[in-house]
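Under the numbering used here, the letters of the sequence shown match residues 9 to 299, in that order. For glycine and all other residues, C-beta sits at the position ideal for the given N, C-alpha and C.
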Amino acid sequence: MKKLLLPLLCIALFSCGENDIMNSTATVTATSITGLPVLGTNYKYEAWLLTAGTYVSIGTFNMGTDGKPTVSSFTNINNNDLANATGMVVTMEYTGSNAKATPSDVRVLVGEFSGNTVTLSPTYSNTPKTIFAEADLKAQYSLFLLTATATEALNRKAGIWFTPDNTQSGAGLTLASSTKLRYQGWMNDGTNDYSMGSFTSATGADDANKYKGTSITSPTIKYPGEDFISIEGGTPIDLVGKTVFITVKPNEETASDATPVSIPLFSGTITATGTQQLSVVTPSYAATFTR
9 MKKLLLPLLC
19 IALFSCGEND
29 IMNSTATVTA
39 TSITGLPVLG
49 TNYKYEAWLL
59 TAGTYVSIGT
69 FNMGTDGKPT
79 VSSFTNINNN
89 DLANATGMVV
99 TMEYTGSNAK
109 ATPSDVRVLV
119 GEFSGNTVTL
129 SPTYSNTPKT
139 IFAEADLKAQ
149 YSLFLLTATA
159 TEALNRKAGI
169 WFTPDNTQSG
179 AGLTLASSTK
189 LRYQGWMNDG
199 TNDYSMGSFT
209 SATGADDANK
219 YKGTSITSPT
229 IKYPGEDFIS
239 IEGGTPIDLV
249 GKTVFITVKP
259 NEETASDATP
269 VSIPLFSGTI
279 TATGTQQLSV
289 VTPSYAATFT
299 R
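Here it is in structure tokens:
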């Protein structure tokens, strides 16, 4: 009887331990996430493990108005995935009706594990690089009125178009390599943000020209931009000294945002002379996770 019980006990103990190992889960803790902007409705940040060349989601979060993440502990992670992870990525994701289960190309933070800690950076330039580290990003612009009337044409500094000159001779934008992104231009007059419309390509008009002039002839708009002629019924705005910036988001939502709730990619203060180009944003985002 003793000889029979001992083998059975060993089998039971072995089976139990093997099953526990196969089904065990682990936790990743965000020890620090700073600098990320608060995302608007239908958007979240998503944290991903990089495991054997694939992305494994560990959960989503947003940033609170207190500057802290809404989630700092990510649980029920497959232990094998976590043990084999070589790095992590944080992306901006759309959560509405067209949301996808795969990661977007708006990678805002990326980093590699060193032991059980990973420090993520917005300027990570290895594969997969962040959107800020994309090569050759450029936002050149010219100040001129494209949709002006004869009267409004006196103010040549009320329009900004992403093309090198007022003949629309070429594209002023060099965008990220992904075709799954939507950009949106904005002008801030020191008080308010005004949308310039959204677009997915450096060539072709954006989806709005809300503040345009009446135009004696109907121009062919070849590139994104805006004439600021009729804001709140006022006179044309002199854009020199104003801030213009471009945000980026996943293209699952095709509508323009009412307010700039996406990730800033280009920004600059408008100048009338010299090289007229917005700078690629160098954000102060940072995050550290432990496993």
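A Cβ-Cβ distance of about 3 Å is found for the pair Gly205 and Ala216, placing them in contact under the 8 Å criterion.
Between the C-alpha atoms of Gln192 and Ser32 there is a straight-line separation of about 44 Å.
The closest CA to that of Phe170, considering only Ala158, Trp194, Gly249, is found on Trp194. The Cβ atoms of Gly95 and Glu120 sit closer than 7 Å to each other. Leu181 is positioned such that its CB atom lies closer than 7 Å to that of Ala210.
If you look at Ala91, you'll find it in the alpha helix (DSSP H) that goes 87 to 92. Gly75 is classed as exposed because its beta carbon has fewer than 16 other beta carbons within 10 Å across all chains shown. Glu101 sits in a strand when the DSSP states are folded into three classes.
Bridge pairing for Tyr202: Met195 [DSSP]. Relative to the Cα of Gly72, the nearest Cα in the group Leu47, Leu90, Leu57 belongs to Leu47. Around Asn259, the same chain offers Lys188, Leu189, Arg190, Thr208 as residues with beta carbons nearer than 7 Å, after the five sequence neighbours per side are excluded. For Thr35, the uninterrupted beta strand (DSSP E) segment begins and ends at 33 to 42. Residue pairing for Pro268: DSSP places it in no beta bridge.
Under the Cβ criterion (8 Å, minimum of three pairs), the region 50 to 67 counts as touching the region 103 to 112.
Annotation: Asp173 to Thr35 spans about 54 Å, alpha carbon to alpha carbon.
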